[in-house]
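Chemist: Under my numbering, think of the first position of the sequence shown as 1, with each following residue one higher.
We put the beta carbon where it would ideally sit given N, CA and C, even for glycine.
I'd like to ask some things about the structure below.
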Amino acid sequence: MDQKQTSHHTNDAYACVCVCVGVCECVLQYKTGGVCLGVCSYSLGVSLPPHAAAGPAAHFSSLRLLETLEPSGMDPFAFKPLVFLLCFIGCCTGQGLLPQGPLDAILGSNATLRTLVDSPSFAFITWTFNDGVNKAINIVTLSPSSVNVAKPYQGRVVVNQTNGFVTLMSLKAEDSGDYTINIISDAGTLTDDIQLRVLYPVSDVVITPNPPEAVEYNSTVVLNCSAKGSFLMFSWTNGTTAIVANSRITLKQDKTSSVLTITGVLRTDLLGPIYCTARNNLQTAQSAPFNLTVYYGPDPVTIIPQVVQPFIRSDANFTLSCSAVSSPPATFTWYHSQQIMGVSGPVLSLQAIKDSGIGAQLDNYTCLASNAKTLRAVSSPVVSFIVMDPISGVRITGPTATLIAGNSTANLSCQATAGTVKTTTWHKDGKPLLASSRVVFSQDMSSLMINPLQKEDNGEYKCHLENPVSTEKASYRMVVNFGPEPAQVTGDKQVEENRRAVFTCAAPSIPPANFTWKLNGTLTNVTTEKYVIEKADLTNSGTYTCEAYNPVTGKSTTSSFNLEVKKEGTLDHGLSDGAIAGIAIGVLVAIGAAIALTVYCRQKVPHCCQPCRKLTRSDDPETPWRSSGVSIESPY
Numbered sequence: 001m002d003q004k005q006t007s008h009h010t011n012d013a014y015a016c017v018c019v020c021v022g023v024c025e026c027v028l029q030y031k032t033g034g035v036c037l038g039v040c041s042y043s044l045g046v047s048l049p050p051h052a053a054a055g056p057a058a059h060f061s062s063l064r065l066l067e068t069l070e071p072s073g074m075d076p077f078a079f080k081p082l083v084f085l086l087c088f089i090g091c092c093t094g095q096g097l098l099p100q101g102p103l104d105a106i107l108g109s110n111a112t113l114r115t116l117v118d119s120p121s122f123a124f125i126t127w128t129f130n131d132g133v134n135k136a137i138n139i140v141t142l143s144p145s146s147v148n149v150a151k152p153y154q155g156r157v158v159v160n161q162t163n164g165f166v167t168l169m170s171l172k173a174e175d176s177g178d179y180t181i182n183i184i185s186d187a188g189t190l191t192d193d194i195q196l197r198v199l200y201p202v203s204d205v206v207i208t209p210n211p212p213e214a215v216e217y218n219s220t221v222v223l224n225c226s227a228k229g230s231f232l233m234f235s236w237t238n239g240t241t242a243i244v245a246n247s248r249i250t251l252k253q254d255k256t257s258s259v260l261t262i263t264g265v266l267r268t269d270l271l272g273p274i275y276c277t278a279r280n281n282l283q284t285a286q287s288a289p290f291n292l293t294v295y296y297g298p299d300p301v302t303i304i305p306q307v308v309q310p311f312i313r314s315d316a317n318f319t320l321s322c323s324a325v326s327s328p329p330a331t332f333t334w335y336h337s338q339q340i341m342g343v344s345g346p347v348l349s350l351q352a353i354k355d356s357g358i359g360a361q362l363d364n365y366t367c368l369a370s371n372a373k374t375l376r377a378v379s380s381p382v383v384s385f386i387v388m389d390p391i392s393g394v395r396i397t398g399p400t401a402t403l404i405a406g407n408s409t410a411n412l413s414c415q416a417t418a419g420t421v422k423t424t425t426w427h428k429d430g431k432p433l434l435a436s437s438r439v440v441f442s443q444d445m446s447s448l449m450i451n452p453l454q455k456e457d458n459g460e461y462k463c464h465l466e467n468p469v470s471t472e473k474a475s476y477r478m479v480v481n482f483g484p485e486p487a488q489v490t491g492d493k494q495v496e497e498n499r500r501a502v503f504t505c506a507a508p509s510i511p512p513a514n515f516t517w518k519l520n521g522t523l524t525n526v527t528t529e530k531y532v533i534e535k536a537d538l539t540n541s542g543t544y545t546c547e548a549y550n551p552v553t554g555k556s557t558t559s560s561f562n563l564e565v566k567k568e569g570t571l572d573h574g575l576s577d578g579a580i581a582g583i584a585i586g587v588l589v590a591i592g593a594a595i596a597l598t599v600y601c602r603q604k605v606p607h608c609c610q611p612c613r614k615l616t617r618s619d620d621p622e623t624p625w626r627s628s629g630v631s632i633e634s635p636y
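Take a look at the structure:
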């Protein structure tokens, strides 16, 4: 049977294909009706000449025959049964051809079998699968011109014809196993394999406790965490802190569960929430937050405030509160001087003390915390105090009539409607008010008299009343009318035509004075403290008289002011500050330049200063300096 006959023989029966590389024996069964028609040692149904019985020639002949077979339309996977035998005597295994395994993928997802060779040169690439139980089966055969996928994988396999990558889609559990790649080229054959593990999704992570509640120091707690998935690993956390084994805590794990055992459980062991996390190389799932009730306490009782002033205001928002760390929460009972009170709960209010008819004397108060589960009872520290009424209803009474400086007298009185006043002090405008020849206080400081009133007595008066539990104050604003004081007018005395002129009249007064203005004795319509002329003209020149009048004191005062309006351009405004500064800077620059030039001439060009003459002082006042007539000749 020659090569041509073998390459184009498409008998209705079936055949097996053998690729021989190097020196090996390979039997080709080419059957018709079950009868073997030929045997080859090196290639597909071809008896090679003796000189080609070994070495690369046999390998190249095999590749040429396969290349001849491929375009002929003969699909190796169409043969029944398929036997695609690779003989590797004299070949090398492709170290590092595939990534280090195993390759993990989730059930139902896609997995790509990648090579570490970028765009390899090949005649054929084959992928085979072995699940470790059944015979290895071919998945795909790839040549530069075609791709042949085995029927069981058609529709589930995508092949990259450039680099030989194979993607398995919609993974099944039975896809787990070893995948082998063979890259056949003129240089030889490379082979490598990788394990694919199809993992079930991680799910249904659940914590189950035993018992459902515990007592601190007394109970042993067992928590079981179960989950679904493949190759599971478990971890436990208390909040965000990892739970690790110690003398009281043990951890055990099997394929689908983990057991956490805590002996002599403490409240902090399961403070929580507790989480169990199940994971594999691809997925992680966490349980719902879990909390286990651990009874404990009460711990030492804290009473607030711990330090109390000797006196407590009877109307204060004052309470005593007790707290103790406890589970379940502790119950509290209150005691007054070691006698039980009809008050329960963590808070004792001041109103409850007054309702009990106590507090007027110095008494001791404590609370007792109890836990019904642990049967422990702990007492709080003792606090002591007296309940006292505070000062209230403080007000200052003062004169209601109009007060005029120099003519009036003022009496101020500070009183409280409740509470006992121990100390009274007075302030004016935030500063202590002291006695003087005009200011006189009563013996208990509850009232004062000012006679006579002056303008300086205007301001806010405050009285401060104090006792051991309170400080209260009241204020009174006194208005002393005075003025107006002598008026004073300020402004520009000269202004050019069409310029704005403004002058102001000031006359301190309470209440503020009313103003009128006259020009050369004639009343104007200006009634404010400022007189404004937007565009002055020559008719605005003259004497302006300001009159300030206080309608309460009935006093008035005047002041006059002369304004001269000049024609535009006739008023010497002088140099501006900017101009003066510019001139000064220019002079300094000129002086610096002259000094620099002189130094340069003396150092570099001595003759540039010749001839030079010596100056001497003269007795003639018209010419105080004169030349001596001495010339210094240049040596050049």
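Kindly indicate which residue of P209, F441, T277, N481 has the alpha-carbon position closest to the one of I262.
Modeler: Within the sequence shown, the letter at position 262 stands for residue 262. Checking every option, the nearest Cα to that of I262 belongs to P209.
Chemist: Is L448 closer than 9 Å to S408 when the C-beta atoms are compared?
Modeler: Reading the sequence shown from its first residue, position 408 is the one you call residue 408. Reading the sequence shown from its first residue, position 448 is the one you call residue 448. It is not a contact, given that the beta carbons lie outside the stated cut-off.
Chemist: In whole angstroms, what separates the C-alpha of A506 from that of T527?
Modeler: If you number the sequence shown from 1, residue 506 lands on position 506. If you number the sequence shown from 1, residue 527 lands on position 527. If I take the Cα positions, the gap works out to 13 Å.
Chemist: Kindly indicate which three-state DSSP category V215 falls into: helix, strand or coil?
Modeler: As a working mapping, residue 215 is identified with position 215 in the sequence shown. Residue state, collapsed to three classes: strand.
Chemist: Measure from the alpha carbon of C546 to the alpha carbon of each residue in I583, V565, T237, A487, then state which is nearest.
Modeler: Within the sequence shown, residue 546 is the residue found at index 546, counting from 1. If we check each option's Cα against that of C546, A487 comes out closest.
Chemist: Going by C-alpha distance, which of V502, V565, K535, P551 is nearest F515?
Modeler: For this step, residue 515 is matched to residue 515 along the sequence shown. That would be P551, whose Cα lies nearest to the Cα of F515.
Chemist: What residue ranges within the stretch 486-567 form continuous beta strand (DSSP E) runs of no fewer than 3 residues, ordered along the chain?
Modeler: 488-491, 494-496, 501-506, 514-519, 530-533, 542-549, 556-566
Chemist: For Y531, which residues in the same chain have their Cβ closer than 6 Å to its Cβ, ignoring the five residues on either side in sequence?
Modeler: Here residue 531 corresponds to residue number 531 of the sequence shown, with the count starting at 1. Closer than 6 Å at the Cβ level, and outside the excluded window around Y531, lie F503, W517.
Chemist: Can you give the Cα-Cα distance for I249 and L168, rounded to whole angstroms?
Modeler: Taking the sequence shown and counting its residues from 1, one reaches residue 249 at position 249. Taking the sequence shown and counting its residues from 1, one reaches residue 168 at position 168. If you take the alpha carbons of I249 and L168, they lie about 45 Å apart.
Chemist: Any heavy atom of the ligand MN closer than 8 Å to the beta-carbon of K566?
Modeler: The ligand content of the structure shown is nil, which means the ligand MN is not present either.
Chemist: Would the beta-carbon of C367 fall within 9 Å of that of S349?
Modeler: Position 367 of the sequence shown, counted from the start, is the residue given in the question as residue 367. Position 349 of the sequence shown, counted from the start, is the residue given in the question as residue 349. Contact: no.
Chemist: Cα-Cα, which of G229, L232, L223 is closest to N238?
Modeler: As a working mapping, residue 238 is identified with position 238 in the sequence shown. Answer by Cα proximity: L223.
Chemist: Enumerate in chain order the residues of its own chain whose CB-to-CB distance from P432 is below 8 Å, with the five nearest sequence positions on each side excluded.
Modeler: Locating residue 432 in the sequence shown gives position 432, counting from the first residue. The residues are T425, W426.
Chemist: Can you give the beta carbon distance from I391 to A418, rounded, assuming they're within the 8 Å contact cut?
Modeler: Here residue 391 refers to the residue found at position 391 of the sequence shown. Here residue 418 refers to the residue found at position 418 of the sequence shown. Yes, they are in contact, since the Cβ atoms of I391 and A418 sit about 7 Å apart, within 8 Å.
Chemist: Kindly indicate which three-state DSSP category Y153 falls into: helix, strand or coil?
Modeler: Indexing the sequence shown from 1 puts residue 153 at position 153. Y153: helix per DSSP, three-state reduction.
Chemist: Report the partner residues of R197 according to the DSSP bridge assignment.
Modeler: Taking the sequence shown and counting its residues from 1, the one referred to as residue 197 is at position 197. D104.
Chemist: Would you grab the beta carbon distance between Y200 and S230 for me? Rounded to a whole angstrom, and I think it's under 8 Å.
Modeler: Looking up residue 200 in the sequence shown gives position 200. Looking up residue 230 in the sequence shown gives position 230. With a beta-carbon spacing of about 5 Å, Y200 and S230 fall inside the 8 Å limit used to define contacts.
Chemist: Does the stretch 324-331 come into contact with the stretch 296-307, if we say contact requires no fewer than three beta-carbon pairs (one atom in each stretch) closer than 8 Å?
Modeler: The stretch 324-331 is in contact with the stretch 296-307.
Chemist: On a CA-only basis, which of V469, A536, K555 is nearest F482? Give me that one, please.
Modeler: Residue 482 sits at position 482 when you count from the first residue of the sequence shown. Comparing Cα positions, the closest option is K555.
Chemist: Flag this pair as yes or no: are the beta carbons of M478 and N498 separated by less than 9 Å?
Modeler: Reading the sequence shown from its first residue, position 478 is the one you call residue 478. Reading the sequence shown from its first residue, position 498 is the one you call residue 498. Taking C-beta atoms as the reference points, M478 and N498 fail to come closer than 9 Å.
Chemist: Let's test the definition: count the other Cβ atoms within 10 Å of the Cβ of D269 and tell me whether it reaches 16, buried, or not, exposed.
Modeler: Residue numbering aside, residue 269 sits at position 269 when the sequence shown is read from its first letter. Burial call: buried.
Chemist: Which residues in the same chain as F165 place their Cβ atom closer than 8 Å to its Cβ, once the five residues preceding and following it in sequence are excluded?
Modeler: As a working mapping, residue 165 is identified with position 165 in the sequence shown. So the list reads T112, L113, R114, T115, V159, once near-sequence residues are dropped.
Chemist: Check whether the Cβ atoms of A142 and T128 sit closer than 9 Å, and answer yes or no.
Modeler: Here residue 142 is taken as the residue at index 142 of the sequence shown, counted from 1. Here residue 128 is taken as the residue at index 128 of the sequence shown, counted from 1. At residue 142 the sequence reads Leu, which differs from the Ala that was named. Taking 9 Å as the Cβ cut-off, L142 and T128 do not qualify as a contacting pair.
Chemist: Kindly indicate which three-state DSSP category V589 falls into: helix, strand or coil?
Modeler: Translated into positions along the sequence shown, residue 589 becomes position 589. V589: helix per DSSP, three-state reduction.
Chemist: Smallest Cα separation from P152: which of T220, D175, A548, S145?
Modeler: Within the sequence shown, the letter at position 152 stands for residue 152. The residue with the shortest Cα to Cα distance from P152 is D175.
Chemist: Can you tell me the Cα-Cα spacing of V383 and F318, whole angstroms?
Modeler: To locate residue 383, count along the sequence shown from 1; it is residue 383. To locate residue 318, count along the sequence shown from 1; it is residue 318. Between V383 and F318, the C-alpha separation is close to 13 Å.
Chemist: Below 7 Å CB to CB, which residues in the same chain sit around A57 once its five sequence neighbours on both sides are set aside?
Modeler: Looking up residue 57 in the sequence shown gives position 57. Because A57 sits at a pLDDT of 38, beneath the cut-off of 50, its placement in the model cannot be relied upon, and the following sentence gives the value as read from the coordinates. Non-local C-beta neighbours of A57 in its own chain, meaning closer than 7 Å and more than five positions away in sequence, are absent.
Chemist: State buried or exposed for P310, treating a residue as buried only when at least 16 other CB atoms are found within 10 Å of its CB.
Modeler: Here the question's residue 310 lines up with position 310 in the sequence shown. Its Cβ having fewer than 16 others within 10 Å, P310 is exposed.
Chemist: My output table needs one value for T471: the three-state DSSP class, helix, strand or coil.
Modeler: For this step, residue 471 is matched to residue 471 along the sequence shown. In this structure, T471 counts as strand in the three-state DSSP scheme.
Chemist: Excluding the 5 residues flanking L266 on each side, which residues of the same chain have their C-beta closer than 7 Å to its C-beta?
Modeler: Here the question's residue 266 lines up with position 266 in the sequence shown. Same-chain partners within the cutoff: E216.
Chemist: Output needed for D444: all residues of its chain with C-beta closer than 8 Å, excluding positions within five of it in sequence on either side, in chain order.
Modeler: Stepping through the sequence shown from its first residue, residue 444 is reached at position 444. Within the same chain, D444 has close Cβ partners T424.
Chemist: Of all the options D104, F124, D178, which has the alpha carbon lying nearest to the alpha carbon of K135?
Modeler: By one-based count along the sequence shown, residue 135 stands at place 135. It is D178.
Chemist: In this structure, what does DSSP give as the bridge partners for L113?
Modeler: Taking the sequence shown and counting its residues from 1, one reaches residue 113 at position 113. Per DSSP, V166.
Chemist: With DSSP run on the structure shown, which of helix, strand or coil describes D389?
Modeler: Looking up residue 389 in the sequence shown gives position 389. D389 falls in the coil class under three-state DSSP.
Chemist: Ends of the alpha helix (DSSP H) at K252?
Modeler: As a first step, residue 252 must be located in the sequence shown, where it is residue number 252. Unbroken run through K252 is the beta strand (DSSP E), 249-253; no alpha helix (DSSP H).
Chemist: Going straight from the alpha carbon of I312 to that of P289, what length do you get?
Modeler: Along the sequence shown, one-based indexing puts residue 312 at 312. Along the sequence shown, one-based indexing puts residue 289 at 289. Each residue's Cα considered, the two are about 48 Å apart.
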